[in-house]
Amino acid sequence: MITAERKPFEEIKEMVKPYSKLLVVGCGTCVAECAAGGEKEVALLASALRMEARMENRVVEIDEMTLDRQCVYEFIDQLTETVDNYDAILSLGCGAGVQAVSDVFPDMTVLPALNTTFLGETKAPGVWMENCRGCGDCKLHIFGAICPVARCAKGLFNGPCGGSKDKRCEVHPDTPCAWHMIIERLEKKGRLEQLNNIYPPVDWSTGQGKGPRKIEREDQMI
54 MITAERKPFE EIKEMVKPYS KLLVVGCGTC VAECAAGGEK EVALLASALR MEARMENRVV
114 EIDEMTLDRQ CVYEFIDQLT ETVDNYDAIL SLGCGAGVQA VSDVFPDMTV LPALNTTFLG
174 ETKAPGVWME NCRGCGDCKL HIFGAICPVA RCAKGLFNGP CGGSKDKRCE VHPDTPCAWH
234 MIIERLEKKG RLEQLNNIYP PVDWSTGQGK GPRKIEREDQ MI
């Protein structure tokens, strides 16, 4: 899922200050799961903004709404009947959601309340880990389903750096060495010979090297 963190309140406060009618819009999927942009977070932020406005003797109308997803036009459509009542939308969606809402309502100012961080895995309650970089050329079948691009601090493709100690990363000692885990897993599965091959560096042209990426599936098109 896509993870995000809320921007500092002072930054958000300055961002919305020019607007007297504000709609705070949450997203009920990824950013709700990482406790950054769901219905609860929308309510807390809207309440804080109302309180701040009262303390500054400003009259501000702030309403709340949470969509199932901000990156899908069918869900964004739920804003159609009310969007003209506001000066701006404060989005608690990821960067894709902010841009999608703005695409649907090009005359509306859409402001980001979150900093989008990474494609994450839920490791434990309150803990999310970046285990995939979305490079566009997945080689997890070679490395025992452990990604050296995302999980090795140096992104090494042909073995460990030699600086790891006690199974921990040289760069981040609190992080397990990705290559130790790769070797251990492949050895256990009897597939260690896969590492005898020399693998070229990541081809970033399959990632973001050619600008925004797009997937088209004709079987899904209407």
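When we follow our numbering, the leftmost residue of the sequence shown carries the number 54, and every step to the right adds one. Each residue gets a CB set at the ideal place from its N, CA and C atoms; glycine is no exception. Computed from a predicted structure; not experimentally measured.
Three-pair Cβ contact test at 8 Å for the stretch 106 to 121 versus the stretch 161 to 169: no
Helix, strand or coil at S217 according to DSSP, with G and I counted as helix: Along the sequence shown, one-based indexing puts residue 217 at 164. In the structure shown, S217 sits in coil (DSSP, three-state: anything other than H, G, I, E or B).
Continuous alpha helix (DSSP H) assignments of at least 4 residues falling wholly in the stretch 183 to 265: 201 to 204, 231 to 241
Residues near T228 by beta carbon distance below 6 Å, same chain, minus five either side: Here residue 228 is taken as the residue at index 175 of the sequence shown, counted from 1. C222, listed in sequence order.
Contacts around Y252, its chain only, beta-carbon distance under 8 Å, and the 5 residues preceding and following it disregarded: Indexing the sequence shown from 1 puts residue 252 at position 199. Excluding residues within five positions, the ones whose Cβ falls inside 8 Å are K192, I195, F210, N211.
Terminal residues of the beta strand (DSSP E) in which G81 lies: Counting from 1 along the sequence shown, the entry for residue 81 is found at position 28. Careful: G81 lies outside any beta strand (DSSP E) and carries neither H nor E.
For M118, the residue or residues it bridges with in DSSP: For the purposes of this step, residue 118 is taken as residue 65 along the sequence shown, with counting starting at 1. M118 is bridged to V78.
T133 classed as buried or exposed, judged by whether at least 16 other C-beta atoms fall within 10 angstroms: Against the sequence shown, residue 133 aligns to sequence position 80. Its Cβ having fewer than 16 others within 10 Å, T133 is exposed.
The beta strand (DSSP E) enclosing I55, as first and last residue numbers: Here residue 55 corresponds to residue number 2 of the sequence shown, with the count starting at 1. From DSSP, the beta strand (DSSP E) with I55 extends over 55 to 59.
Neighbourhood of S144 by C-beta, 7 Å cutoff - its chain only, sequence neighbours within 5 removed: Against the sequence shown, residue 144 aligns to sequence position 91. Excluding positions up to five away in sequence, the list reads V78, Q123, G150, V151, V154, V163, L164, P165, A166.
Nearest-angstrom Cβ-Cβ length linking T169 and C147, presumed shorter than 8 Å: Mapped onto the sequence shown, residue 169 falls at position 116. Mapped onto the sequence shown, residue 147 falls at position 94. Between C147 and T169 the Cβ distance is about 5 Å, and since that is below 8 Å, they are a contact.
N-terminal and C-terminal residue of the alpha helix (DSSP H) that L98 is part of: Against the sequence shown, residue 98 aligns to sequence position 45. 92 to 108 is the extent of the alpha helix (DSSP H) around L98.
Endpoints, beta strand (DSSP E) assigned at K176: Residue mapping note: residue 176 aligns to position 123 of the sequence shown, counting from 1. Run containing K176: 167 to 177, per the beta strand (DSSP E) assignment.
Spatial neighbours of E183 in its chain, beta-carbon cut-off 7 Å, leaving aside the 5 residues before and after: Taking the sequence shown and counting its residues from 1, the one referred to as residue 183 is at position 130. Correct list, in chain order: F171, L172, G173, A203.
Counted within 10 angstroms of its Cβ, other Cβ atoms place L97 as buried (16 or more) or exposed: Locating residue 97 in the sequence shown gives position 44, counting from the first residue. By the 10 Å Cβ count, L97 comes out exposed.
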